[in-house]
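2 protein chains.
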Amino acid sequence: MKIGIAGLGHVGCGLIELVERQQNLRLPGEVQITGVSARSQSRNRPVDISPYRWFDDAATLAEDPDVDVFVELMGGSDGPAKFAVETALKAGKHVVTANKALIAKHGMALARLAEEKQVDLLFEAAVAGGIPVVRVLRDSLAGTEVKRITGILNGTCNYLTTVMLEQGREYDDVLAEAQRLGYAEADPTLDVSGMDAAHKAAILSAIAFSADLDFSKVSVSGIDKVSLLDLRLADRLGYRIKLIAEGVLTDEGVVCRVEPLVLPASHPLARVNGSLNTVRIEGDPVGAITLTGPGAGAGPTASAVMGDVAKMFRPAIRPAFGRAAHHMGRPFVQGAPTEVAPFFLRVYLPDQPGALAALTEALAKEGVSVDKLLQESGEESGAAPVVIVTHRCPRSNMQAALERLEKIAKPIDAPRLIRIEAAS
Amino acid sequence: MKIGIAGLGHVGCGLIELVERQQNLRLPGEVQITGVSARSQSRNRPVDISPYRWFDDAATLAEDPDVDVFVELMGGSDGPAKFAVETALKAGKHVVTANKALIAKHGMALARLAEEKQVDLLFEAAVAGGIPVVRVLRDSLAGTEVKRITGILNGTCNYLTTVMLEQGREYDDVLAEAQRLGYAEADPTLDVSGMDAAHKAAILSAIAFSADLDFSKVSVSGIDKVSLLDLRLADRLGYRIKLIAEGVLTDEGVVCRVEPLVLPASHPLARVNGSLNTVRIEGDPVGAITLTGPGAGAGPTASAVMGDVAKMFRPAIRPAFGRAAHHMGRPFVQGAPTEVAPFFLRVYLPDQPGALAALTEALAKEGVSVDKLLQESGEESGAAPVVIVTHRCPRSNMQAALERLEKIAKPIDAPRLIRIEAAS
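Just so you know, the sequences run in chain order H and W. Counting from 1, one number per residue, gives the positions in the first sequence under full-length UniProt numbering. Counting from 1, one number per residue, gives the positions in the second sequence under full-length UniProt numbering.
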């Protein structure tokens with residue numbers, strides 16, 4: 001499959017890198033880059049673009065006979081991006097785009113054009129970065145009646161409000177820092193005004209409700225008017241304020257809006273912090289499904305673009321496990337018996353002098369270092385429950401320590417040894 | 001598309017109901033049920049099966065000339081379910097199944113048979129009920145290198161440990177209640193032993209790592225040995241104990257296991273309570289994606305089966321928004337200006353006698369009932385921040401109350417009025 005890539009920013013370069021190591025992926029065939037285009041050929045980039053044919057003009061690349069799939073990563077709802085996508089579709093090329101503004105504003109017209117030309121127009125990367133919500137809604141949930149979608153669809157806004165509350169800092173201060181760190185754009189208007197989230201919400205609503213996407217009907221209110229005081233007072237009363245995107249089916253039609261909402265702290269969307277995105281889909285008979293992940297960034301977005309490119313191979317029958325049986329070569333193996341991890345150990349010790357010392361000594365002799373220890377009062381049986389959280393050590397050391405303990409002060413009941421998963 | 005359904009338990013009946021109201025779904029074409037099969041024809045069921053041709057034998061239905069897609073909802077890794085699925089594939093029928101044990105144990109052989117016959121074998125409903133993780137992994141993430149999958153894949157186990165900790169009750173007690181309420185099977189062995197979660201983890205691992213599924217290599221340890229004491233002591237130290245399914249890529253091959261793990265309370269999997277399922281996929285370059293939802297139940301599982309059936313229509317080109325442009329008829333409309341909801345109101349009141357009374361009076365006059373109120377000390381400016389959480393009322397009443405307030409005691413700064421989303 002021959003692809004042409006227009007737009008060589010972070011995502012475009014991320015995609016080239018991914019194509020170059022495609023043997024590690026699970027693609028149904030080989031992807032070749034036959035041409036690239038961007039505003040400047042000479043700009044310094046993290047990938048070497050010299051192996052690829054250069055096009056000064058994206059639209060020329062879009063209709064090049066050597067391109068099967070045109071990948072648009074230029075951005076902007078109108079101008080060159082729109083013209084290039086239209087050119088590609090008219091030339092009978094499949095299109096993959098990450099351009100949310102383009103799809104939100106001109107998606108229906110482009111979809112009709114693609115339909116007429118019998119080509120694919122895919123835009124997984126346009127909504128929520130690495131979270132594959134477009135295809136989940138479009139294909140996986142085709143057998144469910146979607147009632148409502150809510151989500152946190154702008155990572156910048158969520159990052160700003162999270163940091164404001166956690167660090168007790170005002171909006172302007174946190175925004176300026178985010179700009180310095182590259183977490184927010186030099187011109188953050190599209191993000192903080194709610195417009196970016198609105199683009200994404202409109203696209204999801206059109207898919208979920210088979211609705212005639214009309215972006216002019218979407219109401220948009222941003223995060224820029226929420227102050228630290230609001231966040232702090234809401235927090236004190238057990239709430240969080242988040243910029244929430246919503247699409248809901250009403251008797252009149254689809255209502256789509258983006259606005260700050262107050263959520264109970266226990267609400268699934270309230271607990272999504274930092275720059276994460278999340279989408280909650282409520283439907284009948286599926287109930288509620290929540291997808292959470294990185295909503296932006298070169299890697300996640302390139303992954304989503306590549307997922308769409310993979311779909312273009314369009315085999316008549318997709319192998320049940322994704323790849324043909326002769327490619328399913330990796331073996332299942334039994335987990336290695338020795339693992340290095342922190343461990344949780346619970347024992348019942350006889351409620352008598354020296355029992356606890358025997359335990360800590362057994363651990364020390366095997367080089368196990370204790371992070372936390374909690375002993376509760378002895379129970380009626382005369383046994384006292386003790387729990388220990390260790391620092392990282394091999395499981396075999398834990399087992400050796402338990403064997404030692406058996407000999408010195410036989411614990412009552414079998415000890416419980418459980419691995420502790422790292423925080424993430 | 002003509003489907004035959006074998007197995008008419010909760011999920012089978014849920015599917016029939018869904019087919020009967022398919023005009024509300026987003027299917028690419030019409031689904032017809034041409035035959036059904038189950039152990040007993042006369043059993044009392046929530047749907048009327050008399051309109052459909054009855055087959056005493058699932059395998060006969062599987063190869064009936066009037067069936068395009070055979071839907072297997074019988075269960076059991078061997079015996080009639082396996083024979084019927086093999087019969088369907090050999091007869092060149094596509095197969096959709098919700099049978100995790102069958103796919104975990106015989107998935108590779110069945111996939112080879114499907115490949116040979118050039119038919120589809122789909123099993124979205126076999127893993128995590130309504131959560132479309134099979135297709136996300138197989139298709140959407142084909143362009144990402146998966147490194148590790150972790151998840152809570154058995155709702156019964158998660159329900160048991162959640163209730164034990166929350167209500168301070170022992171395992172046997174909570175299990176007996178769950179059985180009475182129908183949340184746990186009469187014979188809960190498959191669930192509490194970890195075997196059910198292991199089936200699902202093995203299937204996901206095979207897809208994620210293109211690995212030769214060998215269920216005999218999966219190590220399984222259940223929740224049945226975790227006591228209330230363990231859960232309680234872990235909680236006191238800031239941890240949760242959950243039955244975690246894991247698939248990880250190592251140098252030797254794929255390690256797949258199910259075991260109780262101790263998780264920091266802040267870990268994304270630690271916060272998934274009750275009967276929910278969740279799957280966390282870590283990959284390069286996508287980062288980490290988490291999918292959460294109902295892991296079982298007639299509705300969610302039937303939704304997943306229907307998603308697979310929808311895929312069988314296999315149009316050469318899938319419309320960009322899921323349905324052809326002429327089906328995208330629902331309008332986008334602007335949200336109604338009056339909404340009924342609880343509201344969050346923040347004002348700065350002048351720090352003087354009567355200001356707070358003016359606010360509460362203005363609210364009372366407009367019939368707005370106060371749920372919570374918090375006033376902080378006045379700031380240097382002489383203004384005191386006040387926040388009010390109301391009970392449900394129309395937005396227009398809030399606005400009228402604010403207009404009243406303007407007249408009596410002009411608040412400093414613009415008041416902030418934000419809708420409160422219901423807990424969920």
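Positions of the beta carbon are idealized from the N, C-alpha and C atoms, including for glycine.
1. Write down the C-beta distance between Val262 (chain W) and Ile289 (chain W) rounded to the nearest angstrom, noting that I regard them as a contact closer than 8 angstroms.
2. Assuming Leu113 (chain W) is part of the alpha helix (DSSP H), what are its boundary residues?
3. Taking the runs of the alpha helix (DSSP H) that are 4 residues or longer, which of them lie wholly in the region 277 to 346 of chain H?
4. Measuring only the C-alpha atoms, how far is Lys2 (chain H) from Lys93 (chain H)?
5. I believe Ala111 (chain H) touches Ala310 (chain W) by the beta-carbon criterion, under 8 angstroms. Please report the beta-carbon distance rounded to the nearest angstrom.
6. Which residues share a DSSP beta bridge with Glu145 (chain H)?
7. State buried or exposed for Arg236 (chain W), treating a residue as buried only when at least 16 other CB atoms are found within 10 Å of its CB.
8. Tell me whether the beta-carbon of Ala362 (chain W) lies closer than 8 angstroms to the beta-carbon of Gly129 (chain W).
9. To the nearest angstrom, report how far apart Gly354 (chain W) and Ile420 (chain W) are at their CA atoms.
10. Would Ile149 (chain W) pass as a contact of Val279 (chain W) if the rule is Cβ separation under 8 angstroms?
11. Among W:Phe321, W:Ala357 and W:Arg330, which residue has its Cα nearest to the Cα of Glu115 (chain H)?
12. If you measure from the beta carbon of Ile49 (chain W) to each beta carbon in chain H, is any gap under 8 angstroms?
13. What residues of chain W sit near Cys256 (chain H), judged by a beta carbon separation below 7 angstroms?
14. Taking all protein chains shown into account, decide if Lys200 (chain W) is buried (16 or more other Cβ within 10 angstroms of its Cβ) or exposed.
15. Can you tell me which of the three DSSP states Arg419 (chain W) falls into?
16. Could you please give the first and the last residue of the uninterrupted alpha helix (DSSP H) stretch that includes Ser205 (chain H)?
17. Quick check on the DSSP output: the beta strand (DSSP E) that includes Thr97 (chain H) runs from which residue to which?
18. What three-state label does DSSP hand Gly274 (chain W) in the structure shown?
19. Mind checking which residues open and close the beta strand (DSSP E) that includes Tyr159 (chain H)?
20. Locate the beta strand (DSSP E) running through Glu403 (chain H), then write down its first and last residues.
21. Under 7 angstroms Cβ-Cβ, which residues of chain H neighbour Arg392 (chain W)?
22. Following the continuous alpha helix (DSSP H) through Gly14 (chain W), name the residue where it begins and the one where it ends.
23. State the Cα-Cα distance for the pair Trp54 (chain W) and Ala62 (chain W), rounded to the nearest angstrom.
24. Quick one: using the 10 Å Cβ neighbour count with 16 as the cut-off for buried, is Gly76 (chain H) buried or exposed?
25. Taking Cβ positions, are Gly287 (chain H) and Pro300 (chain W) nearer each other than 8 angstroms?
26. Less than 6 angstroms between C-beta atoms, sequence neighbours within five positions excluded: which residues of the same chain meet that for Ile49 (chain W)?
27. For the region 24 to 50 of chain W, list the beta strand (DSSP E) runs that are entirely contained and at least 3 residues long, ordered along the chain.
28. Counting only Cβ-Cβ distances shorter than 8 angstroms, please list the residues of the region 107 to 132 of chain W near chain H, keeping chain order.
29. Near Thr162 (chain H), what residues of its chain come up, given a Cβ to Cβ distance below 6 angstroms and the 5 sequence neighbours on each side ignored?
30. Nearest chain W C-beta to Ser377 (chain H) closer than 8 angstroms, yes or no?
31. What did DSSP end up calling Lys82 (chain H) once you bin it into helix, strand or coil?
32. By DSSP, does Glu177 (chain W) sit in helix, in strand, or in coil?
33. Going along chain W, which residues have a C-beta under 8 angstroms from residue 432 (chain H)?
34. Excluding five sequence neighbours on each side, which residues of the same chain lie with their C-beta closer than 8 angstroms to the C-beta of Lys117 (chain W)?
35. Can Glu30 (chain H) be considered in contact with the ligand HEM, in the sense that its beta carbon sits closer than 7 angstroms to one or more heavy atoms?
36. Quick check: the region 158 to 177 of chain H against the region 131 to 146 of chain H, are at least 3 beta-carbon pairs closer than 8 angstroms?
The relevant details are as follows:
1. In the second sequence, residue 262 (chain W) corresponds to position 262, counting from 1. In the second sequence, residue 289 (chain W) corresponds to position 289, counting from 1. With a Cβ gap of about 23 angstroms, Val262 (chain W) and Ile289 (chain W) do not count as contacting.
2. Indexing the second sequence from 1 puts residue 113 (chain W) at position 113. Residues Lys100 to Lys117.
3. 298 to 311, all fully within the region 277 to 346 of chain H.
4. Here residue 2 (chain H) refers to the residue found at position 2 of the first sequence. Here residue 93 (chain H) refers to the residue found at position 93 of the first sequence. Approximately 11 angstroms between the Cα atoms of the pair.
5. Taking the first sequence and counting its residues from 1, the one referred to as residue 111 (chain H) is at position 111. Taking the second sequence and counting its residues from 1, the one referred to as residue 310 (chain W) is at position 310. Taking the Cβ atoms as the reference, Ala111 (chain H) lies roughly 19 angstroms from Ala310 (chain W), outside the contact range of under 8 angstroms.
6. Numbered from 1 along the first sequence, position 145 holds the residue referred to as residue 145 (chain H). Under DSSP, the beta-bridge partners assigned to Glu145 (chain H) are H:Asp284.
7. Within the second sequence, numbered from 1, the residue matching residue 236 (chain W) stands at position 236. Counting Cβ neighbours within 10 Å, Arg236 (chain W) comes out exposed, since fewer than 16 surround it.
8. Locating residue 362 (chain W) in the second sequence gives position 362, counting from the first residue. Locating residue 129 (chain W) in the second sequence gives position 129, counting from the first residue. A distance of 8 angstroms or more separates the beta carbons of Ala362 (chain W) and Gly129 (chain W).
9. Taking the first residue of the second sequence as position 1, residue 354 (chain W) is located at position 354. Taking the first residue of the second sequence as position 1, residue 420 (chain W) is located at position 420. Taking the CA atoms as reference points, Gly354 (chain W) sits about 28 angstroms from Ile420 (chain W).
10. As a position in the second sequence, residue 149 (chain W) is number 149, starting the count at 1. As a position in the second sequence, residue 279 (chain W) is number 279, starting the count at 1. Taking 8 angstroms as the cut-off, the beta carbon of Ile149 (chain W) is found closer than this to the beta carbon of Val279 (chain W).
11. Reading the first sequence from its first residue, position 115 is the one you call residue 115 (chain H). Of W:Phe321, W:Ala357 and W:Arg330, the residue nearest in Cα terms is W:Phe321.
12. Your numbering for residue 49 (chain W) matches position 49 in the second sequence. No - not a single Cβ of chain H is within 8 angstroms of the one on Ile49 (chain W).
13. The residue you call residue 256 (chain H) lines up with position 256 of the first sequence. Neighbours of Cys256 (chain H) across chain W, judged by C-beta separation under 7 angstroms: Phe332.
14. Start at 1 with the first residue of the second sequence, and residue 200 (chain W) comes out as number 200. With 16 or more Cβ atoms within 10 Å of its Cβ, Lys200 (chain W) is classed as buried.
15. Indexing the second sequence from 1 puts residue 419 (chain W) at position 419. When DSSP states are grouped into helix, strand and coil, Arg419 (chain W) belongs to the strand group.
16. To locate residue 205 (chain H), count along the first sequence from 1; it is residue 205. Start and end: Met195 to Phe209.
17. In the first sequence, the residue the question calls residue 97 (chain H) occupies position 97. First-last of the beta strand (DSSP E) with Thr97 (chain H): His94 to Thr97.
18. In the second sequence, the residue the question calls residue 274 (chain W) occupies position 274. Shown here, Gly274 (chain W) sits in coil according to DSSP, grouped into three states, outside any helix or strand.
19. The sequence position of residue 159 (chain H) within the first sequence is 159, counting from 1. Run containing Tyr159 (chain H): none in the beta strand (DSSP E); it sits in the alpha helix (DSSP H), Gly155 to Gln167.
20. For the purposes of this step, residue 403 (chain H) is identified with residue 403 of the first sequence, where counting begins at 1. Where Glu403 (chain H) is concerned, there is no enclosing beta strand (DSSP E), although the alpha helix (DSSP H) around it starts and stops at Arg395 to Ile408.
21. Numbered from 1 along the second sequence, position 392 holds the residue referred to as residue 392 (chain W). Within chain H, no residue comes near Arg392 (chain W); the closest Cβ sits about 13 angstroms away, beyond 7 angstroms.
22. Position 14 of the second sequence, counted from the start, is the residue given in the question as residue 14 (chain W). Secondary structure note for Gly14 (chain W): its alpha helix (DSSP H) is the uninterrupted segment His10 to Glu20.
23. Here the question's residue 54 (chain W) lines up with position 54 in the second sequence. Here the question's residue 62 (chain W) lines up with position 62 in the second sequence. So the two alpha carbons sit approximately 12 angstroms from each other.
24. Indexing the first sequence from 1 puts residue 76 (chain H) at position 76. Classified as exposed, Gly76 (chain H) has fewer than 16 neighbouring CB atoms from the shown chains inside 10 Å of its CB.
25. On the first sequence, position 287 is the one that residue 287 (chain H) refers to. On the second sequence, position 300 is the one that residue 300 (chain W) refers to. In this structure, Gly287 (chain H) sits near Pro300 (chain W), with a CB-CB distance shorter than 8 angstroms.
26. The residue labelled residue 49 (chain W) in the question sits at position 49 within the second sequence. Taken in chain order, the residues that qualify are Val36.
27. Those beta strand (DSSP E) runs which fall completely within the region 24 to 50 of chain W and span 3+ residues are 32 to 37.
28. For the region 107 to 132 of chain W, the residues whose beta carbon sits under 8 angstroms from a beta carbon of chain H are, in order, Gly107, Met108, Leu110, Ala111, Arg112, Ala114, Glu115, Gln118, Val119, Asp120, Leu121, Leu122, Phe123, Glu124, Gly130, Ile131 and Pro132.
29. Counting from one through the first sequence, the residue named residue 162 (chain H) turns up at place 162. Once the five neighbours on either side are set aside, the close Cβ partners of Thr162 (chain H) are Asn273 and Gly274.
30. Here residue 377 (chain H) refers to the residue found at position 377 when the first sequence is read from its first residue. By the rule that beta-carbons nearer than 8 angstroms mark a contact, Ser377 (chain H) does not touch chain W.
31. By one-based count along the first sequence, residue 82 (chain H) stands at place 82. Residue state, collapsed to three classes: helix.
32. Residue numbering aside, residue 177 (chain W) sits at position 177 when the second sequence is read from its first letter. Residue state, collapsed to three classes: helix.
33. Given that chain H is displayed from residue 1 to residue 424, the structure contains no residue 432 (chain H) and the question cannot be resolved.
34. Position 117 of the second sequence, counted from the start, is the residue given in the question as residue 117 (chain W). Closer than 8 angstroms at the Cβ level, and outside the excluded window around Lys117 (chain W), lie Leu89, Lys90 and Gly92.
35. This structure simply doesn't include the ligand HEM, nor any ligand for that matter.
36. Result no; under three Cβ-Cβ pairs closer than 8 angstroms.
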